[in-house]
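In our numbering, the protein residues as written are 212 to 374.
Cβ atoms here follow ideal geometry from the backbone N, Cα and C, with glycine treated the same way.
Data block below; observations after.
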C-alpha cells in the first residue's frame, strides 16, 4: 500500500448537498439604486422595489427555499461584477459546528490557537496560554471601560473586558 491514510469516503464530508448545476441568482443594480433580481434567468422580484438593503435577506431566502447553495452575481452600473456562493442558513452552521470540535480544554472560554476578535475593533489575535487582557493597552481599557469586547471566532465565547 502506497498511502497509509484512511481511504476517501464521501460520508465523512458532511451533509451539505451541492447540486451539479447551482441555481444562479443574477442581480443588476439599476441607475436609481433598485435591484433587478433573477433566479435562473427568470424574474424573481416582479415589482422591482428591492434595494441593496434587501439583497442579503432575499438571497438567503432563496437559498433557504431551495435547500441548496446558490451562486450570486451582482452586476453594478459601473460595469463591476461581484460573485459569491450563499448556502442555506442551517446547513452551513451545522457543518461548521461539526468540523470545530474542541481538541483541548478552553482557557477563559477561548480555545487554544483560536482567532479572537477585539472590538472596539482593534485587530485579530490568536489566543495562547497567557491572558489577552494583560496585553491590551491600559489607556484603551481606561477610556473604553466595559466597551472592549473579545469574541472567539471558533468557540463563540464573548467576554467584556474592563468592567
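Min CB distance residue i to chain B below 7 Å
i	result
residue 240	You won't find chain B in this structure, because it holds only one protein chain.
Sheet register partners of residue i (DSSP bridge)
i	result
residue 247	239
residue 362	328 and 369
residue 293	285
residue 254	249
Nearest to residue i (by Cα), restricted to the options the options
i	options	result
residue 238	275, 368 and 256	256
residue 277	290, 251, 258 and 259	251
residue 270	235, 329, 323 and 324	235
residue 240	253, 231 and 264	264
residue 376	323, 372 and 253	Within the shown structure, residues of the chain are numbered from 212 to 374, placing residue 376 beyond reach of any answer.
Same chain, Cβ closer than 7 Å to residue i, neighbours up to 5 away in sequence not counted
i	result
residue 242	288
residue 266	238 and 246
residue 233	280, 281 and 282
residue 249	237 and 255
residue 321	327, 338, 363, 366 and 368
residue 259	245 and 247
Sequence-distant residues of the same chain with beta carbon closer than 8 Å to residue i, five excluded per side
i	result
residue 292	284, 285 and 286
residue 262	244, 245 and 246
residue 274	280, 281, 297, 298, 299 and 300
Unbroken alpha helix (DSSP H) run spanning residue i, endpoints
i	result
residue 274	263–277
Check: residue i C-beta below 6 Å from any heavy atom of the ligand GTP
i	result
residue 329	The ligand GTP is absent from the structure shown, which contains no ligand whatsoever.
Sequence-distant residues of the same chain with beta carbon closer than 6 Å to residue i, five excluded per side
i	result
residue 370	361
residue 294	284
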